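If you use my numbering, the sequence shown corresponds to residues 2 to 320, in order.
Don't be surprised by glycine CBs; every beta carbon is placed ideally from N, CA and C.
These numbers were taken from a predicted model, which means no experiment stands behind them.
Written out below as structure tokens is the structure these notes cover.
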Amino acid sequence: MNTAMIEIRNLTKQFNPPDGVIAVKNVSFSIFRGEIFSLLGPNGAGKTTTIGMISGLLTPTAGDVIVGGHSVTRESLAVRALIGVVPQELALYPTLSARQNLTFFGKMYGLGGRELKRRVDEVLAFTSLTERADDPVQEYSGGMKRRVNIGIGLLHRPQILILDEPTVAIDPQSRRNILDAVKALNAEGMTVLYTTHYMEEAQELSHRVGIIDHGEIIALGTQEELTHMVGQQDTLVLKVPDVAPDLVKALGQLPGVSSCAPVPDDDGALHLLATDARQVLPEALRLINQAGLSLQAVEVREPTLEAVFLHLTGRALRD
Numbered sequence: 002m003n004t005a006m007i008e009i010r011n012l013t014k015q016f017n018p019p020d021g022v023i024a025v026k027n028v029s030f031s032i033f034r035g036e037i038f039s040l041l042g043p044n045g046a047g048k049t050t051t052i053g054m055i056s057g058l059l060t061p062t063a064g065d066v067i068v069g070g071h072s073v074t075r076e077s078l079a080v081r082a083l084i085g086v087v088p089q090e091l092a093l094y095p096t097l098s099a100r101q102n103l104t105f106f107g108k109m110y111g112l113g114g115r116e117l118k119r120r121v122d123e124v125l126a127f128t129s130l131t132e133r134a135d136d137p138v139q140e141y142s143g144g145m146k147r148r149v150n151i152g153i154g155l156l157h158r159p160q161i162l163i164l165d166e167p168t169v170a171i172d173p174q175s176r177r178n179i180l181d182a183v184k185a186l187n188a189e190g191m192t193v194l195y196t197t198h199y200m201e202e203a204q205e206l207s208h209r210v211g212i213i214d215h216g217e218i219i220a221l222g223t224q225e226e227l228t229h230m231v232g233q234q235d236t237l238v239l240k241v242p243d244v245a246p247d248l249v250k251a252l253g254q255l256p257g258v259s260s261c262a263p264v265p266d267d268d269g270a271l272h273l274l275a276t277d278a279r280q281v282l283p284e285a286l287r288l289i290n291q292a293g294l295s296l297q298a299v300e301v302r303e304p305t306l307e308a309v310f311l312h313l314t315g316r317a318l319r320d
């Protein structure tokens, strides 16, 4: 796992220059043969824009991407032969069946005849869609549509699979199927670039993780290397509905607490990064009671990637 399959060199993307938004800022990292590399960050961090430039769908404002020894900016056709891209947005024809969708996109890849039929059958089997292969995609669940989307990216047997938030808005069983499929493909030797804003997915799948925020890579390494950045600090999770900013600030100033942040999509959840969470808890309870609020739940977590993000940015990953 020491041969770089993807080398990202000082990659920058500005939309509508010279005054438009800079979505990706001077990003550099490598992805090695046979690894699962997760690009982890909140919505709007620049993950999809980065994927767009790696796959040749977006032209970089500056920098380049080298995929399998080929420059995306100068040898885009050679790059596209090496990669399979599974976009966040579904790219399917809803009135066609899964088999018809796969056949259509297989022809776009240049496949035909018996080889195309064989590859379609293999992909249907791998994605567990054989029994529903001839039903219109519009009758599928969201998770099944995602699996067809992944199948399209696998048709031409790419060396590198790029998945952009593949588990967004699907049920837990479909999510489990997709994560297991990614691990199975990697076990067969496929290199995977996986973007997500779900910390638990990155923790389960990844050999290495790049944390991206506001278009910049703010940390990169193995999970062990990243969690060492927060030392032995725990995350204290407090469920306190209707918490006010003043209380968040006061909790963040307690001895032994390095940061405190609410989690916007989890009403009332506060994440405190603390050297000894159990020692901090009594004082935290005192402040909560003093504010006239009640603590509904409490949890102490060992160092995680979310704790790393909180440590680096001062806010929770899902912000």
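Run through DSSP, which three-state label would residue i get?
i	result
ARG100	helix
ASN27	strand
GLN15	strand
ILE151	helix
ALA46	coil
THR236	strand
ILE219	strand
PHE36	Strictly speaking, residue 36 in this sequence is Glu, with Phe absent from that position. Correct three-state label for GLU36: coil.
ILE171	coil
VAL22	coil
My guess is that residue i and residue j are in contact by the Cβ rule of under 8 Å, so how many angstroms apart are they, rounded?
i	j	result
GLY35	GLY190	6 Å
THR60	VAL25	Between VAL25 and THR60 the Cβ distance is about 12 Å, and since that is not below 8 Å, they are no contact.
ARG100	LEU117	Actually they do not touch by this definition, with Cβ atoms about 11 Å apart.
VAL149	LEU162	VAL149 to LEU162, Cβ: 15 Å. No contact.
ILE213	GLY47	6 Å
SER175	ARG147	6 Å
ILE37	ILE7	The pair is not a contact, with the Cβ atoms about 13 Å apart (cut-off 8 Å).
ARG302	THR236	4 Å
ILE218	LEU313	Not a contact, Cβ separation roughly 11 Å.
LEU252	LEU271	7 Å
ALA63	THR128	With 8 Å as the limit, ALA63 and THR128 do not qualify as a contact, their Cβ atoms being about 38 Å apart.
ARG307	ALA317	With the sequence shown as reference, residue 307 is identified as Glu, and Arg is not the correct amino acid for it. About 7 Å separates the two Cβ atoms, so the contact holds.
Indicate whether residue i and residue j have their beta-carbon atoms separated by less than 7 Å.
i	j	result
GLN160	LEU40	no
THR168	ILE179	yes
GLU300	VAL244	no
VAL258	PRO304	no
GLY216	SER260	no
LEU93	VAL138	yes
On the DSSP bridge assignment, give the partners of residue i in chain order.
i	result
ILE161	ILE84 and THR192
VAL68	ILE7 and HIS71
ALA262	HIS272
ALA63	THR13
ASP181	The partner list for ASP181 (beta bridge, DSSP) is empty, contrary to what the question assumes.
THR228	In the DSSP output, where bridge partners are listed per residue, THR228 has none listed.
ASP247	DSSP output for ASP247 lists no bridge partner at all.
*Pick out the complete beta strand (DSSP E) segments inside the stretch 270-297, 3 residues or longer, and give them in chain order.*
As far as the stretch 270-297 is concerned, its whole beta strand (DSSP E) runs of at least 3 residues are 270-275.
*Which runs of the alpha helix (DSSP H) spanning at least 4 residues fall entirely within the stretch 109-153, listed in chain order?*
Listed in chain order, the complete alpha helix (DSSP H) runs (minimum 4 residues) inside the stretch 109-153 are 114-127.
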